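In this note's numbering, the protein residues as written are 3 to 167.
Glycine included, each C-beta is placed from N, C-alpha and C at the ideal position.
In this text the structure is predicted, and so the values were computed from the model without any measurement.
Accompanying notes for the structure given below.
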């Protein structure tokens, strides 16, 4: 690993060699993570209120874990859909010669043009939704289990202009 890192630094330089993909990864990860958490919170509230007729804060046991799983699946599917085009591009750009020569954003643009917008957004999306949906459901299930075991409370943002007394 050390010899590989040294070769990469010597060939491409430290910044380009180690961080050339950082911007594109952020373009995928930021929308993915934002969608995952925003959608899960909203889905949990809706499932809890509409199906169980209780606020999330009053759920216990199996109903709480069921809401975690259901809202996690919904959040995972939404996050997968939102981040899929960027994920597809990142998978393609890492193959040797993909996108030709030049800066990574230029290469990504070429790949996007070659694939086309529709295929960029849909190729492999079903499998990704299944994978990310189940993975995200598991993450939120484990999160809620650990929160219950430790007695920790979720942090909720509040509008500072609202009266909280």
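Asked: C-beta contact flag for residue 113 and residue 101 at 8 Å; Found: yes
Asked: Alpha-carbon to alpha-carbon, residue 94 and residue 128; Found: 18 Å
Asked: Where the alpha helix (DSSP H) containing residue 86 begins and where it ends; Found: 63-95
Asked: Cα-Cα separation, residue 121 to residue 90; Found: 10 Å
Asked: Residue ranges of each alpha helix (DSSP H) within the stretch 107-140, 4 or longer; Found: 119-124
Asked: Close-in-space but distant-in-sequence residues of the same chain around residue 45 (CB under 8 Å, 5 per side omitted); Found: 72, 73, 76, 77
Asked: Residues near residue 87 by beta carbon distance below 7 Å, same chain, minus five either side; Found: 122, 123
Asked: Residue 3, enclosing alpha helix (DSSP H) - first and last residue; Found: Segment: none, residue 3 is in no alpha helix (DSSP H) and carries neither H nor E.
Asked: Residue 82 burial status per 10 Å Cβ neighbour count (16 or more: buried); Found: buried
Asked: For residue 147, the nearest candidate out of 23, 63, 4, 43 (CA to CA); Found: 63
Asked: Per-residue DSSP class, three states only, for residue 33; Found: helix
Asked: Simplified DSSP assignment, three categories, for residue 105; Found: coil
Asked: Residue 199 versus residue 141: straight-line alpha-carbon distance, rounded; Found: Nothing can be reported for residue 199, as the shown portion of the chain is limited to 3 through 167.
Asked: For residue 145 and residue 26, the rounded distance between their alpha carbons; Found: 28 Å
Asked: Close-in-space but distant-in-sequence residues of the same chain around residue 42 (CB under 8 Å, 5 per side omitted); Found: 73, 74, 76, 77, 138, 142
Asked: Simplified DSSP assignment, three categories, for residue 146; Found: helix
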